[in-house]
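Chains as they are written, first to last, in the numbering used here: chain A, 1 to 127; chain B, 128 to 312.
Using N, Cα and C, we set each Cβ at its ideal position, and we do this for glycine too.
Worksheet: one structure, shown below.
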């Protein structure tokens, strides 16, 4: 195939000049996409925050295991409500990293995650 | 337009930087590959606007999937593959409204003359006058090295379909090229 004169002719055709308005068009499209992603991340963050605020602070995060599972032990199991807020933040973080977000962009999400984790750690009722 | 005056930087490094959201690295990758990628889009589409759309989409996809691009591999073949796939997808969308050519003789479209973009040879002009399907198949197979199997898979057709069209298109190009040489003698 490499010896085909037609192929040689086609392959040696000069490259046409690059349209000067192509890069600005890509830039505009990239910025539009980034704005959409930021809005999506902010929405997810807000949802996570709303879930956090709706969290009953004084309710124990961990509930005692069912009686049949422990007689005198202090076995703890996670309540079903302990995951969604953290999961939402983790998903937002994952999305942000997948699109190559900078450290500054993901910092608020990490702060939010830290606060939520801290509140979860504080929540178990010692009584 | 990205600045072309910077010294060359290792492409793998540019990809890693672009992954971290470094916009200058993305611009440098564009600067390195845009012209070749645009040339391919132009050869496949034969249409300035469509070629620009294909290039734009290819670079936006690179940005979207930059996390999955292996920095140690060259970027240009990946971008060209994306443009090839996009051009084929465009043709397939067009064919939803028009019948897909199966058999029959291929004919060249009317001479559109030499435009601002294409100031080159008769073979370029003949290529542009091929039907879009034949042009795409010929270029991807003959110049970009796509196998008939790859073309058939992307077009969701058989290998013999791809072989038949490429063979007829090449025969037509050769005939036309020869007849023109004879005319000029």
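Contacts with chain A (Cβ-Cβ distance below 9 Å) from the segment 130–161 of chain B involve 145, 146, 147, 148, 149, 150, 153, 154, 157, 158, 161, listed in chain order.
Annotated as distal: residue 179/B and residue 166/B, with beta-carbon spacing of 9 Å or more. Taking 9 Å as the cut-off, the beta carbon of residue 37/A is found no closer than this to the beta carbon of residue 111/A. Between residue 213/B and residue 184/B, the C-beta gap is smaller than 9 Å, which places the two residues in contact. For residue 173/B, no Cβ of chain A is located within less than 9 Å of the residue's own Cβ. Of all residues in the segment 19–32 of chain A, only 19, 20, 22, 23, 25, 26, 29, 30 come within less than 7 Å of chain B when Cβ atoms are compared, listed by chain position. Within chain A, the residues placing a beta-carbon under 7 Å from that of residue 186/B are 26, ordered along the chain.
Of all alpha-carbon atoms in 263/B, 270/B, 286/B, the one lying nearest the alpha-carbon of residue 5/A is that of 270/B. The closest CA to that of residue 30/A, considering only 161/B, 190/B, 145/B, is found on 190/B. Residue 54/A sits in coil when the DSSP states are folded into three classes, being neither helix nor strand.
Residue 147/B and residue 140/B have their C-alpha atoms spaced approximately 11 Å apart. In this structure, residue 293/B sits near residue 261/B, with a CB-CB distance shorter than 9 Å. Residue range 259–265 is occupied by the alpha helix (DSSP H) that includes residue 259/B.
Contact check for residue 299/B against residue 267/B fails: the beta carbons are separated by 9 Å or more. In the structure shown, the three-state DSSP call for residue 174/B is coil. Straight through space, the alpha carbons of residue 272/B and residue 188/B are spaced by roughly 22 Å. Non-local beta-carbon contacts of residue 16/A in its own chain, meaning distances under 7 Å to residues more than five positions away in sequence, are absent. According to the DSSP assignment, residue 5/A belongs to the alpha helix (DSSP H) that extends over 5–11. Apart from the 5 residues on each side of it in sequence, residue 51/A sits with its Cβ closer than 8 Å to the Cβ of 84, 85, 88 in its chain, given in chain order.
Scanning chain A for C-beta atoms nearer than 8 Å to the C-beta of residue 301/B yields 6, reported in chain order. For residue 248/B, the nearest beta carbon of chain A is closer than 9 Å to its own beta carbon.
Of the other Cβ atoms in all chains shown, 16 or more fall within 10 Å of the Cβ of residue 289/B; this residue is therefore buried. DSSP places residue 196/B outside any alpha helix (DSSP H), giving it a letter other than H or E.
Look at residue 101/A here: in three-state DSSP terms it is coil, with no helix or strand label. Residue 84/A sits in a helix when the DSSP states are folded into three classes. Among the CB atoms of chain B, none fall inside 9 Å of the CB of residue 117/A. DSSP, reduced to helix, strand and coil, places residue 216/B within a helical segment of the structure shown.
Within the model, the alpha-carbon separation for residue 144/B versus residue 153/B is close to 8 Å.
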